[in-house]
Amino acid sequence: MNNNDRASLAAVRLWVLRLFVMTRKELLQLRRDIPLLLFLIYSFSISVYISGAGISMQLSNASLLVHDGDHSESSRELIHRFREPYFRLEGEVQDPKVGVERLDQGTAMLLLDIPPRFQESISGREPVSLQLQVDTTNAPQGLSAASYAARIVGGFSFDLASVRLGGASAGLMDIPNIESAHRVWYNQNQDETWFQSISHILRMITLFAFLLPAAALVREKEHGTVEQLLVSPVTPLQIMLSKVLAMTLVIQAATALAMATVLKPVFGVPVKGSAALFFLLTALYSFTTAGFGLFAATVTRNQAQVGMVALLVISPMLLLSGIASPFEAMPSWVQSIMALSPLRYYVDVTYGVLLKGVGFDVLWDSILPMALLGGVLFGLGMWRFRKQLE
Amino acid sequence: MGAEHSSQHSALSPQHLDTVVQVSGFVKRYKKHVAVDGVDLTVHKGEIYGLIGPDGSGKSSLMKAIAGVLTYDGGVVEVFETRVDSERAAERIKPRIGFLPQGLGLNLYPELSVEENIDFFADLRLVPDDELAERKAGLLAMTRLERFRDRPMKNLSGGMKQKLGLICALIHEPELAVLDEPTTGVDPVSRRDFWSILAKLMQEKGMTALVSTAYMDEAERFHRLSFLSDGKVLTSGTPTEVRALVPGSVVTFEATSQLKAIDRLKKSFRQVESLGSSLHVFTDTDNRSTARRQIEVALGELTPSAVRVDDPELEDVFVALLLRKTEPTDLSASQPNRAVAHNRDGLAIEADALIRDFGSFRAVDQVSFQVKQGEIFGLLGANGAGKTTVIKMLNGILLPTEGTGRVAGADMRTAAGSIKERIGYMSQAFSLYLDLTVEENIRLFGGIYGLNRRAMAERYEWIVAMAGLSGYESSLTSRLPMGVRQRLALGCALVHDPRVLFLDEPTSGVDPIGRRRFWEMLTRLAREEGVAILITTHHMSEAEHCDKLALMYAGKIVAEGSPADMKSQVETAAGRLFEVVTDQPGKALVYLQQAGFRGAALFGTKLHFFCRDPDRDKTCACRALEESGLSVISVNERPLSLEDVFVYQVMALEQAGERTDQEAVA
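Just so you know, the sequences run in chain order H and E. Everything in the first sequence is counted per my numbering, starting at 278 for the first residue and increasing by one. Everything in the second sequence is counted per my numbering, starting at 1420 for the first residue and increasing by one.
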């Protein structure tokens, strides 16, 4: 080993040492910020449990009012098919107008109107129609209530038909009946808590990966400590990288906490793929999002402004990246904008590794753009930061 | 209080009989912390009353309570004979008060223009439109802000912001102005401007003012004052009365071996300061020859030269009063041993015709100077004069547009990285991590400068001893008193044993004892270890500590030399400084200005003016005053302060600049 090599080796050692002391400093500072730490722990434990257990997209407890103009056996039979836990029978109204008023007040969600001569029409083989009025101010709930109701009425009609046909000839065999036998993959019990709790963790990772390094950088600007660093041999790259490193570590720990205390023991979410791969990709995602945050920190002057930018940038990311609603259902222009959201790829990666158990060979087309985005964002942030120092 | 002083007092202030503010037994607590502990205060109509004290001494709490914007926990506050004990009472007095909170332009709206700010405050105070136009024109002319009417407040310099703040606080012509540290962070010229505007307003409108300051040398500006420390009044009275509390004299001299002399003197005297190459010692005898003899005895075989004995300044008096309360060991930090000093040969900083442009604006123009190892160099100038840009270039974080420079042996164009490893830098004491402990801060910077474990252990011990930090190692920096924070900041800047140290406004907010201790550390660093120190400061009394000074104006160095050189330059150009005491100082100022004494300025009840030919001009001035019906009580020569130098030089340049502007327009 000649002298040149030795010198450059020492330079590299010094570079790494500086990065290390800066990273340690970030962690020390975070440790002193007790309210923030408590918020972090809450966000990755209790809050994961709340959203996993509390948020449900399935129809439940929809309040149903009935105006029964017939009071026959058939009408009672039909009404009883609207069962709990999906529906809750609020009672009967004598006048359909009263029912509509109740919908207006929001004390009922559905109004089923059964016309007089309902049974008579059925037996008389006349076509008969029912009216169902649905409050769809909460569109997903309303729409699924309507579709459940349609299925119930359809089932009732099918049963009537089969009884009548059964009475006449050789039973059900002759009625054309296609049954769809679906197999549920990846979440066999169709347990919604899995999706909701994982989604929540993704939200929290996004939030903290963006905000923590951004706030740390802006705080240095506010307190003037960045000045002190710049006249020292620490480079702008080390200043920024140390923040990303420290916060990535913290987020990894928090994610592990969420998985160990809530996901696995409470909701029974499996880790089908490689946990190591998951954490590696979480680190990549944190880095990418942190790059985004640091860029935001270079265009703002104080922590309040960073908070505002975070709100502006993160809310569309959270809403449109596929954790709040299916990505495929969005208009194509939104889809193309969201190609710039790192979360959009991380969603695929997370569900892929945790629930489907797939690996790098399948996910590379999500990992690659995420890494690319990270590089570009971090580079942009660096460029802005350097420029500001001029 | 001696009979002589009180008679002088009443002679000077015949109208001082009405009481405007009466405070007794005032107590203010913040949770468990007692910020103000039993303060009594009486402000009479028509006077400037001063509250002097370091940060955290309780000035702001007291002023806010008097202005009716802060509740308090004990005692009585009466303003205009109204007891301020409820929100309703506060609302009654507020229309008659103008309050300027602490902080440059904090009461103003940055996006609004100068005029819009004034109009807003006038509307708030329901000033009628016609009166507003008149007052606004008058105040803008007086503050020389007329040209900037349409400029957004955020684009004003610090001094201009503060003047605008004053206009906005006084636009409704209050009877009482409560001004909280209006001159902090403002350059000496704007500061002097500020005082003359205030004096003029008080004279014209019969206003009363309660003003706080952290600058000890501004104490002379007040008619009466209270010196606060740790929430208590240490002393109060007229400047003359306060001075009489601590009889003594100040001996200034040069000694061959400065550090040795300091060590010897410290055994007998508690106030020993080094000012550049000379020493400044407070003795408690007012007999001048006794004082001189005492020094000679203490020095032993080291013979002093260029000895001068003066009356003590108010700062010396305050320090003496503070020291009475503290243990004698407080001032003498244990000195760590250090074997190797930096090589004193060669230059630490060389700046050669540095130029820096920002777009079409030339921030630094042909700046050249040299600093030797072991020298303390002061860079002075108003905000925006280009000091910071010069320092940034020397620190290797900004490239010069033209010119070259070497710092600690490294070229600033090609070896910025090496410069950063060889220099220490300390800005205001706040630029440390407040949420880390003392030890963590030191180790962080040790790591940044790449110290290995052994070097770190050694330097850590050295810093703790040098900066007197033992006992504080595991305290959070945010909980430290200002003086200790600042010493820690210096320690962190010295962790890698740099050859050159840059200090940017290092002593803001520190009490006088802390400041003196800080300077003692700097002197030792320079003298014993050969560290070159470049410092910028707004405290002109601190500039006296430097070996060499350079004054910057509009990007150029306009004067350079030792403090004594700088003073003699001004004496040659403008004459010697005299102080006159008359019965009506406000009027006297006007007459003196009319008689052609341009540098005339009001200091409390006294006037300062320059005399080119002492005998002739002095008589001329006295005659001008007496012919106008004023009686001259005394005229004495005063030693020129560096603040006088700064103000004189900058004013001369500003006037020259205005003349060329007018010529250009014509």
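Here a beta-carbon is modelled for each residue, glycine too, at the ideal position from N, C-alpha and C.
Pull up the DSSP beta-bridge partners for residue i, would you.
i       : result
A1829/E : V1826/E
F1539/E : Paired residues: none, contrary to the question.
D1923/E : T1955/E
D345/H  : I391/H
R1995/E : C2030/E
T1845/E : The question names Thr, yet the displayed sequence has Met at residue 1845/E. According to DSSP, M1845/E bridges with L1922/E.
M1971/E : I1976/E
Relative to the C-alpha of residue i, which residue among the options is closest?
i       : options                               : result
P2092/E : L1523/E, E1510/E, C1587/E and H1591/E : Nothing can be reported for residue 2092/E: it is not among the residues displayed for chain E, which extend from 1420 to 2085.
M299/H  : P510/H, L571/H, S320/H and R353/H     : P510/H
F1701/E : G1719/E, G1584/E, D1729/E and I1952/E : D1729/E
R1554/E : M1572/E, P1571/E and E1534/E          : E1534/E
S340/H  : T384/H, S474/H and A574/H             : T384/H
D1916/E : T2024/E, E1892/E and G1949/E          : G1949/E
V1857/E : R1563/E, G1828/E and V1914/E          : V1914/E
M1831/E : Y1844/E, L1817/E and G1843/E          : L1817/E
V343/H  : S618/H, K541/H, F316/H and D390/H     : D390/H
Y562/H  : L654/H, L336/H, E354/H and I318/H     : L654/H
L1863/E : N281/H, R283/H and Q306/H             : Q306/H
G652/H  : L571/H, P593/H and V611/H             : L571/H
M1971/E : E1877/E, L1798/E, L1629/E and I2052/E : L1798/E
Kindly say whether residue i, judged by its beta-carbon, lies nearer than 8 Å to any beta-carbon of chain E.
i      : result
W660/H : no
V293/H : no
T532/H : no
R309/H : yes
S285/H : no
V511/H : yes
T483/H : no
Q722/H : Here chain H covers residues 278 to 667 and nothing more, so residue 722/H does not appear.
I516/H : no
L336/H : no
H500/H : yes
L507/H : yes
K520/H : no
E361/H : no
K664/H : no
V495/H : no
Would the beta-carbon of residue i fall within 8 Å of that of residue j?
i       : j       : result
V1458/E : L1481/E : yes
L1899/E : L1907/E : yes
Q410/H  : L388/H  : yes
I478/H  : T532/H  : yes
K1839/E : V508/H  : yes
F1646/E : F1737/E : yes
S519/H  : L296/H  : yes
G1974/E : D1784/E : yes
I475/H  : L597/H  : no
L421/H  : L304/H  : The sequence as given places Ser at residue 421/H; Leu does not occur at that position. It is not a contact, given that the beta carbons lie outside the stated cut-off.
L1813/E : G1824/E : yes
F2029/E : G1994/E : yes
E1877/E : V1883/E : no
Closest Cβ-Cβ distance between residue i and chain H: below 8 Å?
i       : result
K1651/E : no
K1839/E : yes
V1846/E : Strictly speaking, residue 1846/E in this sequence is Ser, with Val absent from that position. Judged by the 8 Å Cβ criterion, S1846/E is in contact with chain H.
Y1972/E : no
L1431/E : Residue placement at L1431/E is poorly supported in this model, since its pLDDT is 43, which falls under 50; the coordinates still yield a value, given next. By this cut-off, L1431/E is not an interface position.
G1869/E : yes
T1926/E : no
T1748/E : Confidence is the limiting factor: at T1748/E the pLDDT is only 47, short of 50, which leaves the residue's position unreliable, though a coordinate-based value still follows. Chain H, which has no Cβ nearer than 8 Å to the Cβ of T1748/E, makes this no.
In chain order, which beta strand (DSSP E) runs of at least 3 residues are fully inside the stretch 1548 to 1593 of chain E?
none
Which ranges would you report for the beta strand (DSSP E) in the stretch 1469 to 1528 of chain E if only whole runs of at least 3 residues count?
1493 to 1498 and 1516 to 1519
Scan the stretch 467 to 549 of chain H and note each continuous alpha helix (DSSP H) run of 4 residues or more that stays entirely inside, going in chain order.
469 to 500, 502 to 507 and 513 to 535
At 3 residues or longer, what runs of the beta strand (DSSP E) sit wholly inside the stretch 1641 to 1673 of chain E?
1643 to 1648, 1651 to 1656 and 1668 to 1673
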